[in-house]
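**Student:** In this note's numbering, the protein residues as written are 1 to 342.
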Amino acid sequence: MNHLNTPFELKSLSLKNRIVMPPMCQYSALAKDGMPTDWHYVHYVSRAVGGAGLIIIEMTNVEPDGRITDHCLGLWSDEHTPKFARIIKEAQKYGAKVAIQIAHAGRKAEDAPQPVGPSTIAVDNTFKTPRALTTEEVKAMVLKYQEAARRALEAGVDTIELHGAHGYLIHQFHSPGINNRDDEYGKDLSLFGVEVIKAVKEIMPKDMPLIMRVSAVEYMDGGYDVDHMIEIASKYKAAGVDVFHVSTGGEGPVGTTRKPQYAPGYQVDFAKALKDALEMPVIAVGMLDDPQLAEATLAEGKADLVAVGRGMLKDPYWAVHALAEVSGVVEGSVPVQYERAY
């Protein structure tokens, strides 16, 4: 059985295969306006032609100073919506489903004159020291996520992903090593994420699933382990998350006690840990470029979907080539114009 080529269904989301293009920043928005360009159009549509089942558009931010750089995407204005809609509509023509990852960089906003975060703890001495958001500003930030999600829905997405991984704002709030607040958002580390989830679910169609990306463990000294993330994720699940997209790290400099292995499939077991503990679908990611490894990850029940990042940067048609390698069957997985090449 070719697990890569097996359809996946969850609520209203119906994918033709189990292959996900994960969000990968292109740093290609022009004029500091956060608008997608023709680069983004070609980048995403080509992966739809290339056979991906789900395409998650890169980290797209809820306010201008919430971006990693001034050339990152944004959805803080209704003017952004038509630009995203053009990309989404065209990608969907080739059978791909499309999501947008909604985010805020928090203390990792490199080009912001004054980055913000839950606390005044910098990533390291190469980053600016953030200003701690007031309690009122945190509540206002929740609404900014909701408004960005509304625009994503108006642009025609099939689902939404919230970015709670890699040291960005939601991650910063649920990290004990980054959040030292003494208000309600410090006493309950999951509260900000829970409120964002509920606010976004409030405006999403009832049958549309919500994805959330999380870092299962941190690599900085004193960073949290997988048990902490499972505890936080259980609250996120109760708030409305339907699928977890499981990565690791990204919160700060790698310490001396826990280090990423950077070997093929090195994050898969973390996806399995969340899948088993929470009894819900997960997306595995992390050096799954080898089609046989991606297939085995699914066949062994370690994940429900596999995300292939660098592989798709190198090869827009990774999905088609992977399906051909694993099963030898490409009919229906490539545009009819290209079938004779196989």
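Positions of the beta carbon are idealized from the N, C-alpha and C atoms, including for glycine.
Predicted model, so just to flag it, every value in this text is computed and none were measured.
How close, in whole Å, do the beta carbons of N17 and S327 come, if the pair is a contact with beta carbons under 8 Å?
**Tutor:** So it is not a contact: roughly 11 Å between Cβ atoms.
**Student:** Which residues in the same chain as G222 place their Cβ atom closer than 6 Å to its Cβ, once the five residues preceding and following it in sequence are excluded?
**Tutor:** So the qualifying residues of the chain are G177.
**Student:** Kindly list the residues whose CB is nearer than 7 Å to the CB of T69, restricted to its own chain and excluding five residues on each side of it in sequence; keep chain order.
**Tutor:** Y27, E110, D111
**Student:** Checking the sheet assignment: what are the DSSP bridge partners for I57?
**Tutor:** DSSP lists I100 as partners of I57.
**Student:** Less than 7 Å between C-beta atoms, sequence neighbours within five positions excluded: which residues of the same chain meet that for L298?
**Tutor:** For L298, same chain residues with a beta-carbon under 7 Å away, outside a window of 5 residues either side, are H3, L4, R18, V306 in chain order.
**Student:** Which two residues bound the contiguous alpha helix (DSSP H) that contains L143?
**Tutor:** Element bounds for L143: 135-154.
**Student:** Please determine, among A91, A239, Y338, the residue with the shortest C-alpha to C-alpha distance to A48.
**Tutor:** A91
**Student:** Sort M220, A284, A341 by Cα distance to T257 and report the nearest one.
**Tutor:** M220
**Student:** Three Cβ pairs or more, each shorter than 8 Å: is that satisfied between the segment 284-300 and the segment 202-209?
**Tutor:** Because the criterion of three Cβ pairs below 8 Å is not met, the segment 284-300 and the segment 202-209 do not touch.
**Student:** Check A214 in the structure and name its three-state DSSP category.
**Tutor:** Contrary to the premise, residue 214 reads as Val rather than Ala in this sequence. Strand, per DSSP.
**Student:** By Cβ distance below 6 Å, which residues in the same chain neighbour A418 in space, the five residues on each side in sequence not counted?
**Tutor:** Residue 418 lies beyond the range of the chain shown here (1 to 342); nothing can be said about it.
**Student:** From which residue to which residue does the beta strand (DSSP E) around H166 run?
**Tutor:** Where H166 is concerned, there is no enclosing beta strand (DSSP E), given that its DSSP letter is neither H nor E.
**Student:** Quick check: P36 and K83, are their CB atoms within less than 8 Å of each other?
**Tutor:** yes
**Student:** Using the C-alpha atoms, what's the distance from L293 back to D38?
**Tutor:** 33 Å
**Student:** Kindly indicate which three-state DSSP category I19 falls into: helix, strand or coil?
**Tutor:** strand
**Student:** Answer with buried or exposed for S175, where buried requires no fewer than 16 other C-beta atoms within 10 angstroms of its C-beta.
**Tutor:** buried
**Student:** Which parts of the segment 286-312 are runs of the beta strand (DSSP E), unbroken and 3 residues or longer, counting only runs that do not cross its ends?
**Tutor:** 305-307
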